[in-house]
Amino acid sequence: MRIAAFITGRLAGLVATLLVMSFIVYGALYVAPGSPIDTITGGRPLPPKTIAAINAEYGFDKPFLVRYVQWLGNVLHGDFGQSIVFRENVSTLLASRIGTTAFLVAYAALLIILFGVILGLLSALRKGRADTAILATTTVGIATPSFVAAIVMISVFTLTLHWFPAIGAGAGFTDRLWHLTMPAAALALAGTAYVARLTRSATNEELGREHVDTARGRGVPEPLIIRRHVLRNALIPITTVGGLTVAGLIAGSVVVENAFALNGLGSYLVTSVEQKDFPVVQAIALLLVAAFVVVNTIVDALYGLIDPRVRVTGGDR
Amino acid sequence: MSDDLNQLRTDYLGGHMTRRELLRRAAVIGLSGPALGGFLAACASGTGTTTSSAPAIGTTVLTPPAKGEVDRVSWGLFYEPSGLDWIYDYNYEENTVVTNITESLLRLTPQLTIEPALAASFSETDPLKKVYQIRPGVTFHDGSPMTADDVVFSLRRQLNPNSFWNFAYVNVKSIDKTGPAEVTVTMKRPDEVFHPLLATPAGGVGKASYIKAKGKSYGTPSGGPIGTGPFAFKSWAQGSSIVLTRNESYWDSAHAPKVREIDFSFIPQESTMTTALLSGEIDGAYHTPYSGLDQLRGTSSGKLYLGKSLIFTEIIIAGTSGPLADHRLRTALLLAIDRPALAKTVYNGAATPLKNTVVPLPEWGYGHAQAAAAWAKLPPPTVDLTQAKKLVAQAGPAAKQTMTIATRASFQRYINIATIVQAAATQIGLSVKIKPIAPNSYGDLFFSSKARSGIDMFISENYADIPEPLEILYPAVIPGQFYNYNGYNNPAVTSDLNQAVKEPSDPKRASLVLSAQAVLANDLAALPLANPAVPLFLGKRITGAPASFCYLYYPWARDLGAPGT
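Residue numbers (numbering that gives the first Met the number 0), protein chains in the order written: chain A, 0 to 316; chain B, 0 to 564.
In C-alpha cells, the structure reads:
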C-alpha cells in the first residue's frame with residue numbers, strides 16, 4: 000500500500016511539475032525575440048504579404064494566452080501539434096530521435112557507473128601508484144568538456160586510426176554500438192571521473208569508520224568487510240551522485256549529439272529553440288522533465304534497497 | 000621558370016609551406032627582393048598576375064566530367080531541410096535536395112544562364128502573354144506522364160501568398176491551359192523578371208493528383224514528393240538522412256544519372272563536416288564551412304573548388320535619417336573599409352571584393368560584354384583614407400553622431416564584418432556601435448520597420464536566384480518598394496529600371512540596367528562588400544557535379560559519377 004501511495008504521490012508531483020514547466024517554457028519562448036519564419040527562409044527577405052500570410056496560417060498573430068490554452072487543450076487530447084518548421088507531427092519527429100538519445104544516455108550511464116565505481120574502488124583499496132594514477136587521470140577527466148573530448152576523439156580514432164565513424168547514429172544494435180561508442184565515451188568522461196572520485200572518498204571514509212575497525216578486530220575476513228561494511232555504506236552517496244549525473248546526461252547529450260551529428264533529442268531541442276518551433280520545444284521539454292523525475296524516483300527507490308533505514312514511508316521524502 | 004613560380008604559388012596559397020620555406024624555394028628559382036615582393040602581393044590579392052594552374056576565386060563552373068557509375072554517394076548538408084515541397088523551398092539545403100526531384104519549366108545552367116527544361120520552348124505573342132510549350136515524353140517518378148494540367152495546377156499553387164515564391168507572381172493575372180501541351184501566363188503588366196524566375200522553384204512542376212491527395216503533408220517526411228527529376232525521393236529518416244534513388248527513366252537521356260543512390264546527412268557542426276569530408280565518410284558537400292577551407296585545400300582525399308556564385312554581401316542602410324543619410328558619409332565609410340582584406344579574412348580567401356552591391360557579377364545571363372566593360376569602369380574596391388577623411392570633415396556635425404550596425408548574434412561572419420566596419424569607421428573619425436540581434440529575429444530587419452528603429456545599417460549576405468540583376472535591384476532602389484528602407488529615390492535610376500523591367504530585348508535591357516548601375520555605384524544606396532564563392536568539395540570517389548551556384552536550381556546530382564570507368 001505504501002508503495003502505491005509513494006507512486007501516486009510521485010505521479011501527482013510529476014503532473015504538477017509538467018504543467019508549471021510547460022507554462023514557463025511557453026512563456027519564455029514567447030517573450031524571446033524572433034519567429035520561426037526566419038529559419039525556414041534562412042533569413043532571406045520575403046515580401047510583407049507572404050510574411051503576413053504565414054503568420055496568420057500558424058496563429059502567430061494571436062495573443063499568448065490564447066495560443067497556450069489552445070496548445071494545452073490539444074496536448075490533453077494527446078495531440079502535440081505540428082512542427083512549424085517541418086510541417087510534420089511532433090510525435091513523429093520525436094519518435095525518430097528518442098531512440099538515439101535513449102541509447103546514448105544508457106550507454107554513457109553504463110560507462111559512468113561501471114568505470115566510475117571500479118576506478119574509485121581500485122583507487123581506494125589499492126592505494127599507492129594506482130591511486131595516484133587514477134587521481135591524475137580523473138582530474139583531467141573532470142576538467143575536460145565533452146566537446147573537447149569529442150574533437151580529440153574524432154581526430155585520434157577517426158582521422159588517424161580509422162576505428163570509429165565521426166558521424167551518424169547507425170542502424171541495428173551492433174552498428175549503433177559501434178557508432179555511439181565515441182559519443183558515449185565523450186559524454187561519460189567527466190561523469191566517470193566524478194563518480195570515481197566520489198567512490199574513492201566515500202570508500203576511504205568508510206574504511207576508517209569504527210565499525211570497520213571492530214569487524215577487523217573480530218577477525219571478519221577482509222572481502223566480507225569490504226562487501227558488507229564498506230561498500231554497502233559507501234553506496235548511498237555514490238547512488239545519489241550517480242543518479243544525478245545520469246539524469247544530467249540527458250541535458251549534456253546536446254553537445255555530444257551536435258559534435259557527432261547524431262539525430263538525438265538534445266540537439267533537436269537546441270535547434271528547435273533557436274528556430275522558435277514552439278510545439279517541438281514544449282514536447283521535448285516535457286519529455287526531458289519527465290525523464291529526470293523518473294530517474295530521480297528510481298534513485299530514491301534504490302536507497303530503500305541499499306539502506307533499510309530510508310525505506311519509503313508514504314512518499315513524503 | 001614560370002611553371003616553378005606557379006607551383007610555388009599554388010603550394011604557398013594552398014598552405015603547404017611556411018613563409019620561411021617559401022623564401023628558400025624562391026631563392027632556388029632565382030626570385031628575390033622586389034620580384035618576390037610582387038609575387039607575394041599577387042598571392043595576397045588572390046588574383047595572380049601569372050597564369051596560375053589554380054583558377055581565380057569564384058570563376059569555376061564545372062568539375063572534371065564523371066565517366067563511371069557509382070553505387071552510393073553520401074552527401075553532406077549543413078542543416079536538415081525543412082521540407083521538400085518546392086513552394087516552401089527558399090533556402091540553401093532545401094533547394095540543394097529538391098532541385099534533383101522537382102524540376103522547373105526552365106533551369107539555371109552551370110554557366111549561370113537560363114535554358115529550357117520542362118518547357119521545351121517559349122514564345123511571347125505580346126508583352127502580356129507568355130506561352131510555354133510543355134516538353135513531350137516527360138514522366139513523373141510514378142511513371143505517369145506530365146501534362147499541361149499538372150503545369151497549370153503547379154503554377155497556380157504559387158498564387159497563394161503562403162508560397163515563398165509568390166513574389167515572382169505579383170504581376171501575373173492568370174495561368175491557363177491553351178493547348179494540349181501549351182500553357183499561357185497572362186500578365187497584368189509587362190514583367191521581364193517573371194520568365195527567368197521560372198528557372199527557380201517558382202516554375203516547379205509536380206503531379207497535381209498526388210499533391211491534392213497528400214494535402215498539407217506533401218513534401219514532408221510522411222508525404223514524400225514526386226517530380227520529374229533525375230532522382231526520386233526514397234526515404235527521409237527525420238533528423239538523420241534523406242535518401243534519393245536514380246530515376247531510371249529520366250527524360251533527359253544525355254544526362255542520365257550515374258549514381259544509383261544518394262544519401263544526404265545533416266551536419267550542422269562546422270568542424271564535424273570538415274572531418275567527415277576529410278575522412279571520406281561524406282563524399283561531397285556544397286557550401287562547405289569557410290573555417291575548414293585550409294584543411295580541405297590541403298587534403299589528398301578530394302578536391303576543393305571555389306565556384307562562381309550569385310551571393311553578395313552588403314551593408315544595407317536602414318533608415319532615412321542619421322549620419323548615413325548623408326551621401327558623403329556613406330562614401331567615406333566605404334572608402335575606409337578594406338574590401339580585399341575582408342574577402343580574405345571573413346571568407347577565408349573564398350570571396351572576391353565587390354564593387355557594386357546589387358549586381359553581383361559582371362557576367363549575368365545576358366549582356367556579358369556590355370556588363371564586363373561597365374564593371375571595369377566602376378571605382379576599384381581600394382581604401383582611400385585621405386579622401387574619406389576629407390568627406391567626413393565636409394559632412395560636419397552629422398559625422399559626430401554614433402551609428403549603429405546590427406549583426407546576427409553568434410554568427411561569426413557577420414560579427415567579423417561588423418568589427419571590420421567599426422574599425423574602419425574609427426580610422427576616419429566616425430563612431431560605430433555594434434548591436435547583436437538574436438539569430439532568429441535578424442530576418443525581422445528585412446520586413447519590420449519597428450525592428451529597424453535605432454539601427455543605421457545591417458549586414459546582409461543574400462543571393463540573386465537568377466542571373467537577372469533586376470530581381471534584386473528593383474525592390475531595393477525603387478521608391479515605395481519592400482526593400483527600399485532608406486527612401487532611396489533617384490529619378491534617373493527609377494526611370495531606367497522601370498523601363499528595364501518592361502524591356503524584352505536583352506541588349507536594351509542590359510544597357511538600361513548598366514546605366515542605373517553607374518548611378519548607383521556613386522549614390523551608394525547600399526555598401527557593397529564581397530562576392531563569396533561557392534566552396535564545393537568532392538571526395539576522390541566522385542566528380543562531375545557543377546561547381547557554380549547553379550546547384551540550387553539545377554539537378555546537379557545527375558552529373559555526378561566516378562572519375563574513371
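Note that beta-carbon positions come from the ideal geometry of N, C-alpha and C, so glycine has one too.
Just so it is clear, the structure is predicted and the values come from calculations on it, not from any experiment.
6 Å CB neighbourhood of residue i in its chain, flanking five on each side removed
| i | result |
| --- | --- |
| B:Ile113 | Leu105, Pro195, Ala198, Gly364 |
| B:Gly291 | Thr273 |
| B:Gly178 | none |
| B:Phe121 | Tyr131 |
| B:Arg134 | Leu117, Ala119 |
| A:Arg196 | Thr137 |
| A:Glu256 | Gly263, Gly265, Ser266 |
Backbone CA spacing between residue i and residue j [nearest angstrom]
| i | j | result |
| --- | --- | --- |
| B:Ser103 | B:Leu551 | 12 Å |
| B:Ala499 | B:Lys539 | 46 Å |
| B:Ser216 | A:Arg86 | 7 Å |
| A:Gly12 | A:Asp299 | 15 Å |
| B:Glu502 | A:Pro46 | 24 Å |
| B:Phe536 | B:Thr58 | 15 Å |
| B:Leu559 | B:Ile416 | 35 Å |
| B:Leu305 | B:Ala350 | 9 Å |
| B:Lys213 | B:Gly223 | 9 Å |
| B:Lys187 | B:Lys128 | 10 Å |
| A:Val211 | A:Leu124 | 14 Å |
| B:Pro115 | A:Ala108 | 58 Å |
| A:Ile383 | A:Ala233 | This structure gives no information on residue 383 of chain A, because the portion of chain A shown stretches from 0 to 316. |
| B:Thr418 | B:Ser448 | 24 Å |
| B:Pro435 | A:Asn54 | 25 Å |
| A:Ala168 | A:Leu268 | 17 Å |
| A:Gly80 | A:Ser90 | 8 Å |
| B:Tyr285 | B:Pro534 | 6 Å |
| B:Ser494 | B:Leu528 | 26 Å |
| B:Ser208 | B:Trp555 | 27 Å |
| B:Pro562 | B:Arg296 | 19 Å |
Sequence-distant residues of the same chain with beta carbon closer than 7 Å to residue i, five excluded per side
| i | result |
| --- | --- |
| B:Val242 | Lys233, Ser234, Glu260, Asp262 |
| B:Arg23 | Per-residue confidence for B:Arg23 stands at a pLDDT of 49, beneath the threshold of 50, marking its modelled position as unreliable; the derived number appears in the next sentence. So the list is empty, once near-sequence residues are dropped. |
| A:Ala15 | none |
| B:Lys172 | Thr185, Met186, Lys187 |
| B:Thr219 | Gly82 |
| B:Tyr78 | Glu92, Phe265, Pro267 |
Short CB-CB distance (under 8 Å) between residue i and chain A
| i | result |
| --- | --- |
| B:Gly228 | no |
| B:Glu470 | no |
| B:Ala349 | no |
| B:Ala275 | yes |
| B:Ile266 | yes |
| B:Gln294 | no |
| B:Phe166 | yes |
| B:Asn483 | no |
| B:Gln393 | no |
Residue i at chain B interface by Cβ criterion, 8 Å
| i | result |
| --- | --- |
| A:Tyr29 | no |
| A:Ser34 | yes |
| A:Gln281 | no |
| A:Pro144 | no |
| A:Gly42 | yes |
| A:Arg96 | yes |
Rounded distance between the beta-carbons of residue j and residue i, thought under 8 Å
| i | j | result |
| --- | --- | --- |
| B:Asn355 | B:Gln516 | 6 Å |
| A:Lys275 | A:Leu28 | 6 Å |
| B:Ala331 | B:Ile427 | 6 Å |
| A:Ala185 | A:Ser145 | 5 Å |
8 Å Cβ shell around residue i - same chain, five flanking residues per side excluded
| i | result |
| --- | --- |
| B:Asn165 | Gln157, Leu158, Asn159 |
| A:Gly242 | Val294, Asn295, Ile297, Val298, Leu301 |
| A:Val292 | Arg9, Gly12, Leu13, Thr16 |
Distance cut-off 7 Å: residue i Cβ against heavy atoms of the ligand COA
| i | result |
| --- | --- |
| B:Asn497 | Ligands in the displayed structure: none, and consequently the ligand COA is not present. |
Which runs of the alpha helix (DSSP H), 4 residues or longer, sit entirely within the region 206 to 252 of chain B?
207 to 213
Run through the region 413 to 481 of chain B for me and flag every whole alpha helix (DSSP H) of 4 or more residues, listed as ranges in chain order.
443 to 446, 448 to 451, 469 to 476
Quick one: complete beta strand (DSSP E) runs, 3+ long, within the region 80 to 107 of chain B?
105 to 107
Scan the region 484 to 551 of chain B and note each continuous beta strand (DSSP E) run of 3 residues or more that stays entirely inside, going in chain order.
525 to 531, 533 to 538
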